Amino acid sequence: MLLNALLVAVRAIRRNLLRSFLTILGIVIGVSAVIVMVTLGNGATKAVGDQISSLGSNLILVRPGQRMEPGRDSAGAKSFELSDADALRGQLTSLRAVAPVASRVARAVYGSETWSTNVAGTTNDYFTAGGWSLAAGRTFSDAEALSGRAVCVLGETVRKKLFGGTIPIGSEIRLKGFGCEVIGLLAAKGQGAMGMDQDDTVVMPIRTVQRRITGSTAVGSFVVSVREASAVARAKDDITALLRERRHIDEGEDDDFMVLDTKQIANTLSGTISLMTGLLGAVAAVSLLVGGIGIMNIMLVSVTERTREIGTRLAIGALEREVLLQFLIEAVVLSSFGGVVGIVLATAASWALAGLLGLPFSVDVTITAVAFLFSAAIGVLFGLVPARRAARLDPIEALRRE
Amino acid sequence: MSPPLVVLERLRKTYGSGSAAVEALRGVDLTVEEGEFVAVMGPSGSGKSTAMNILGCLDTPSGGDYIFRGVRVSSLSRDERALLRRRYLGFVFQGFNLLARTSALENVELPLLYRGETRAAREMRARAALDAVGLSGRETHTPSELSGGQQQRVAIARAVVTAPAVLLADEPTGNLDTKTSHEIMELLTSLNRDRGITVVMVTHDANVAAWARRTVRFVDGLVESDVRKEAACS
């Protein structure tokens with residue numbers, strides 16, 4: 010009986026191909042939207058994780074302010090001093106590199122080319138801790154670092170924007186009105202976590218940035234590299250204790266800075282992305298619901314329009330439940346077919362978009378299965394009312410209808 | 078001797094209730110034997126359509142009895158009546174009522190589908206039925222590609238493909254011209270004569286009724302006259 014009902018339903022769908030197509034369009038769009046959102050969101054989460062773990066597990070980031078959370082920033086918290094970096098390096102032997110960082114966005118000019126980029130003032134430890142290697146030139150000399158000479162090391166993106174194809178070692182670029190000699194070039198690292206371009210940077214001695222760009226002696230953060238990955242937890246405790254002491258934080262008071270290892274950074278960022286994914290997925294789910302209402306709408310119209318057909322079927326000897334089943338199956342076949350089409354489209358679209366955004370692509374079997382089952386369930390849910398209406402028709406009335 | 082195919086006893090049907098009630102049938106007595114060819118005539122509002130709906134088990138009487146092959150139809154549930162229609166009845170409508178955009182073959186297969194016949198049996202019997210109504214070669218045509226007469230032939234093939242005991246035809250020639258009507262009546266007559274299918278046909282056209290061997294005339298919800306042709310050979 011089920012098989013026959015399926016055959017009857019499929020024949021009915023085939024008789025109205027255009028309308029059937031329009032009916033499932035809502036489901037197709039809804040399902041694809043949900044899957045694309047979730048797939049890209051998962052890809053972004055994974056990309057962040059990969060990126061951050063590729064930094065190595067022995068990296069620690071120290072920032073002023075409290076926990077890094079959406080809606081909270083480090084504003085208002087006391088910044089660090091250069092002497093803090095010296096103290097960390099001098100007193101904690103487990104640390105390989107301690108790079109103080111003061112950064113600011115500034116416009117770099119060379120000839121007629123200008124490019125707005127992130128200028129990081131730091132020390133040579135920054136290259137060690139961040140895993141940067143030089144493509145050409147050299148890093149800062151001790152004298153340059155100490156005196157705050159106007160020298161800089163360019164990221165690959167900045168070099169490309171300002172100099173095109175040439176190697177610019179020895180050239181002078183202008184930053185915020187002062188000239189700055191290019192002494193080195195960083196090897197390209199590519200896109201970082203959250204999709205930002207890591208190579209879009211200019212690195213200068215921290216004193217130079219403090220004096221000429223930020224105009225204060227504040228240090229925004231420390232990038233710390235620990236010698237042994239196994240000592241990270243210990244190093245975090247040591248850094249915390251030392252900084253509390255230097256910042257005169259009494260016992261019982263909360264830290265006014267944070268010490269984050271790569272895993273925590275990854276988790277925080279992933280949490281934010283998951284939240285975004287969830288929100289976008291919810292919006293997409295609403296469109297799926299609208300698609301379901303579309304199915305109900307069309308099925309109700311279809312029942313009205315096919316009243317005589319239903320009357321004929323009843324006269325021929327179709328049982329009430331067979332007519333019910335037919336219309337229910339029609340709705341479910343339509344909606345689950347829409348689901349399948351949506352899944353195929355979404356997979357293709359996610360693949361294309363992931364390539365475009367440089368995110369890893371993977372098919373999430375769970376979300377695919379859920380989307381399919383959900384679309385079928387929508388068919389049942391929104392097919393039930395029209396199907397019942399069809400099944401309850403009085404054959405005599407139905408046959409008389411024009 | 079087997080019981081009569083159809084017995085109507087003091088059949089009454091009232092629509093509405095109270096002062097608005099309309100008595101469509103006011104005590105109809107009628108017996109149809111197996112193999113008869115009956116024309117039901119009468120002016121509109123005479124109750125002939127109501128009687129046909131009850132005969133077709135599409136409607137239930139308000140009073141009296143309808144006994145089909147010894148089974149009291151009045152006491153059957155909606156589903157049981159559907160199964161009775163499926164098993165024993167065939168319907169031919171004035172408006173053909175074929176499924177649009179559906180091939181003749183699939184239209185004829187429809188009742189077999191509800192009977193749960195296998196695919197092979199469905200196709201074989203549907204082809205045979207189409208052949209019997211003179212439409213072999215038109216299996217893949219859809220109703221819009223067929224003339225009115227051909228559509229009615231498909232409808233007749235659909236009605237008889239299940240080898241029903243009774244063929245109920247409601248104005249089968251109402252939408253057809255005289256020549257085509259003639260052909261359809263020849264077809265119904267041959268089905269009645271050669272296959273022994275009882276035919277009960279509603280018509281208001283005396284020329285069409287003349288094909289039947291018995292004419293029952295309804296007036297005001299009662300059987301006014303019931304005339305059998307003497308010349309019939311059976």
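Keeping their order, the protein sequence lines are chains S and E. When we follow our numbering, the leftmost residue of the first sequence carries the number 10, and every step to the right adds one. When we follow our numbering, the leftmost residue of the second sequence carries the number 78, and every step to the right adds one. Even for Gly, the Cβ is constructed at its ideal location relative to N, Cα and C. Please read these numbers as outputs of a predicted model, since none were measured by experiment.
Item, Value
"Distance, R163/E Cα to F170/E Cα", "16 Å"
"Burial state of G224/S (16 or more Cβ within 10 Å)", "exposed"
"V350/S burial status per 10 Å Cβ neighbour count (16 or more: buried)", "buried"
"Selection of the stretch 166-179 of chain E by Cβ proximity to chain S, strictly under 9 Å", "L166, G167, F168, F170, G172, N174, L175, L176, A177, R178 and T179"
"Chain E within 8 Å of L15/S, Cβ atoms only", "no"
"Alpha carbon of P188/E to alpha carbon of L26/S, nearest angstrom", "24 Å"
"Given S156/S as reference, the closest of R28/S, R221/S and T32/S once Cα atoms are compared", "R221/S"
"Identified DSSP bridge partners for G39/S", "Beta-bridge pairing links G39/S to no other residue."
"Cutoff 8 Å: S311/E Cβ touching any chain S Cβ", "Any answer about S311/E is weak, because its pLDDT of 45 lies below 50 and its placement is not dependable; what the coordinates show is given next. So no, S311/E is outside the interface."
"CB of V210/E within 8 Å of CB of L264/E, strictly", "yes"
"Segment contact, 8 Å Cβ cut-off, at least three pairs: the stretch 250-265 of chain S with the stretch 24-44 of chain S", "no"
"Bounding residues of the beta strand (DSSP E) (the contiguous stretch that carries E190/S)", "F187 to L195"
"Proximity test, Cβ basis, 8 Å: A400/S and chain B", "Structure shown: chain B not included; protein chains present are S and E."
"Residue-level contact to chain S via CB, N284/E, 8 Å cutoff", "no"
"Stretch-stretch touch, CB-based, cutoff 8 Å, three pairs: the stretch 299-316 of chain S with the stretch 395-409 of chain S", "yes"
"From R330/S, M305/S, R24/S and F370/S, residue whose alpha carbon lies closest to that of A385/S", "M305/S"
"Per-residue burial, I22/S [other beta carbons within 10 Å of its own, 16 or more giving buried]", "buried"
"8 Å Cβ cutoff, Y143/E in contact with chain S", "no"
"Beta strand (DSSP E) segments (min. 3 residues) lying fully within the stretch 324-383 of chain S", "none"
"Chain E contact for G326/S (CB, 8 Å cutoff)", "yes"
"Proximity to L195/S [Cα-Cα], best of T148/S, Y119/S and G179/S", "T148/S"
"Proximity below 8 Å, CB of I131/E to CB of L182/E", "no"
"Amino acids of chain E, ordered along the chain, whose beta-carbon sits closer than 7 Å to that of E329/S", "R155 and D156"
"Alpha-carbon spacing of S193/S relative to G186/S, whole angstroms", "Correcting the residue identity first, residue 193/S is Gly in this sequence and not Ser. Answer to the nearest angstrom: the Cα atoms are 21 Å apart."
"Chain E residues whose Cβ lies nearer than 9 Å to that of R410/S", "By Cβ distance, chain E contributes nothing, its closest Cβ being about 10 Å from R410/S, past 9 Å."
"Coil, strand or helix - F149/S by DSSP", "coil"
"Proximal residues of chain E, C-beta to C-beta of E318/S below 7 Å", "L176"
"Residue span of the beta strand (DSSP E) that contains A129/S, given as start and end", "E122 to T131"
"Test item: CB-CB of R192/E and L212/E under 8 Å", "no"
"Straight-line Cα distance separating T249/S from P79/S", "Confidence is the limiting factor: at P79/S the pLDDT is only 49, short of 50, which leaves the residue's position unreliable, though a coordinate-based value still follows. Their Cα atoms are separated by approximately 23 Å."
"Every unbroken beta strand (DSSP E) inside the stretch 223-267 of chain S [3 residues or more]", "230-235"
"Chain-ordered chain S contacts of N130/E [CB-CB under 7 Å]", "I405"
"Cross-chain neighbours of L412/S in chain E, by beta carbon under 9 Å", "Residue coverage of chain S in this structure runs from 10 to 411, which leaves residue 412/S outside it and unanswerable."
"Beta-bridge pairing of F145/E - partner residues as DSSP gives them", "V83/E and V148/E"
"DSSP state of I69/S mapped onto helix, strand, coil", "strand"
"Cβ-Cβ separation, R305/E to R291/E (assumed contact under 8 Å), whole Å", "5 Å"
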